[in-house]
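All remarks here apply to the structure that follows.
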Amino acid sequence: MNYLADVGALARKDLLLELRAKETVPAMLLFVLSTLTVFHFALPRGTGHVAALGLLWVALVFTALLGLTRAFVPEREQGLMDALVLAPADRSAIWLAKVLAVLAFLGLAEVVALPAFAAFFSGIDGRTVAAVALADVGICAVGTLTGAMAVAGRARELILPLLFLPLAIPVVVGGVGASAGAGGRYLGFLVLYDAVFGLLAWASFEYVVSET
Amino acid sequence: MLSARNLSKRFGVKRVFDRVDVSVVAGDFLLVTGPNGSGKTTLLRVLAGLAAPTGGELELPPRESIGYLGHEPLVYRELTPLENLQLFGRLYRVPERRERIGMLLERFGLWDVRHDRVGTFSRGMQQRLGLCRVLLHEPSLLVLDEPFNALDAAGAELLDETLTELSARALVVATHDPERVEHLATDRLAFA
Chain A
4 MNYLADVGAL ARKDLLLELR AKETVPAMLL FVLSTLTVFH FALPRGTGHV
54 AALGLLWVAL VFTALLGLTR AFVPEREQGL MDALVLAPAD RSAIWLAKVL
104 AVLAFLGLAE VVALPAFAAF FSGIDGRTVA AVALADVGIC AVGTLTGAMA
154 VAGRARELIL PLLFLPLAIP VVVGGVGASA GAGGRYLGFL VLYDAVFGLL
204 AWASFEYVVS ET
Chain B
267 MLSARNLSKR FGVKRVFDRV DVSVVAGDFL LVTGPNGSGK TTLLRVLAGL
317 AAPTGGELEL PPRESIGYLG HEPLVYRELT PLENLQLFGR LYRVPERRER
367 IGMLLERFGL WDVRHDRVGT FSRGMQQRLG LCRVLLHEPS LLVLDEPFNA
417 LDAAGAELLD ETLTELSARA LVVATHDPER VEHLATDRLA FA
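Order-wise, the sequence lines are chains A and B. Residue numbering for the first sequence is 4 to 215, as defined by our numbering. Residue numbering for the second sequence is 267 to 458, as defined by our numbering.
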């Protein structure tokens, strides 16, 4: 009970910070819309639906990366990770709260991005929406862990994409596979990815943020 | 309470401090002094459990018993004092949170600005809020790094009074202004 209340308090804090600073979500929205616009004009006429779907996934992964880059900015700039890790609450609650907050930001960006994709390219079916939702969970789980690792390093702007993008490759494979037609099998793959990497990230966050 | 023997810390080949012995129990006030870059902050981070020593033995009380104030006040600038203290009160399982937060905000002169964003505060007011955060869960060991930083005369006097009241607890304080707390110190550690 205490654990969930801690997660709730920390996630509420992250949402409140974004509501007031308005830095992450507007940037993600602008980025994903700009990217889809560029793809719309860059792709030759008559490009197939599957190729367009591939570009949608590229846009979504890099939009998520933008959000993840900002995820630990308040803690990094104000040294607040010290205050959070000193608290007797379970440290994985910090990770889970961040995942929920980034998930909310990414979800908001996608609420705009998916209709924009449908307008620019072609319609989106239920399988693609399900794949995007499942991929979001994995992206946020793994990305928040790598974001925390990057915060501790010096070249953090470089480290996050270098750590995150290789781990996001299976998500893109699953996402493109599910939305391009071979639905069930790839959706199952995304569920498996979420479960395995979510559990690993949850269990290892403690070691990432503590030096002692 | 807090015991360290032969404590050392290195960053790569750079030695920060070596063979430091510290023993602090309830009622002790360890005053840590030394010039900039002498290792005071690193030692305090080790003693608060935020950094691992490279060598030696270290016994720390549980996390909920430690109150740490670093160079930064460690509060969210986009939140209000009330929201900051409610968050940390929740994480530290502070009983009767509302009353405790109200009392601390009153005491440190922040009650009237409790709904204002911390980012609009002066550095001194942020430091006062940082002290509220540290005292919120009534820790039995306080590790304070330059607690007088940015405080005006009234704030410094208030902190003097607070430290005197806390003399039954274990305190480790690093400062550039040792005269201010010299009378409270029961032990001293000077870095060269």
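Every residue, glycine too, gets a C-beta built ideally from N, C-alpha and C. Remember, it's a predicted structure, so these values are computed and weren't measured experimentally.
Straight through space, the alpha carbons of Ala30(A) and Pro77(A) are spaced by roughly 16 Å. Not one beta carbon of chain B lies nearer than 8 Å to the beta carbon of Pro164(A). Runs of the alpha helix (DSSP H) lying entirely within the segment 20-107 of chain A and spanning at least 4 residues, in chain order: 27-45, 52-74, 76-80 and 83-89. Using a Cβ distance threshold of 8 Å, Leu316(B) and Asp9(A) do not count as a contacting pair. For Arg79(A), no Cβ of chain B is located within less than 8 Å of the residue's own Cβ. Against Phe354(B), the close residues of chain A are Ala86 and Ala90, in the order they occur along the chain (beta-carbon pairs closer than 8 Å).
If you check each beta-carbon in the segment 14-25 of chain A against every beta-carbon of chain B, the ones closer than 8 Å belong to Lys16, Leu19, Leu20, Arg23 and Ala24.
Put simply, the CB of Ala8(A) is near chain B, with a gap under 8 Å to one of its CB atoms. With contacts defined by Cβ atoms closer than 8 Å, Leu137(A) and Thr149(A) do not form a contacting pair. By DSSP's assignment, Ile332(B) forms a beta bridge with Leu407(B). Shown here for Arg366(B): same chain residues with a beta carbon closer than 6 Å to its own, the five before and five after excluded, namely Val360 in chain order. Counting of Cβ neighbours within 10 angstroms places Arg48(A) among the exposed residues, the total staying below 16.
Under the Cβ criterion of 8 Å, Gly82(A) is counted among the residues facing chain B.
Between Leu313(B) and Leu268(B), the C-beta spacing is below 8 Å. In the displayed model, Arg285(B) falls within a strand according to three-state DSSP.
Contact between the segment 129-136 of chain A and the segment 38-53 of chain A is absent: fewer than three C-beta pairs spanning the two stretches fall below 8 Å. Per DSSP, Leu166(A) is one residue of the alpha helix (DSSP H) stretching across Arg159 to Ser182. Identification of chain A residues near Gly336(B) by a Cβ-Cβ cut-off of 8 Å yields Gly82 and Asp85, ordered along the chain. At least one beta carbon of chain B lies nearer than 8 Å to the beta carbon of Ala12(A).
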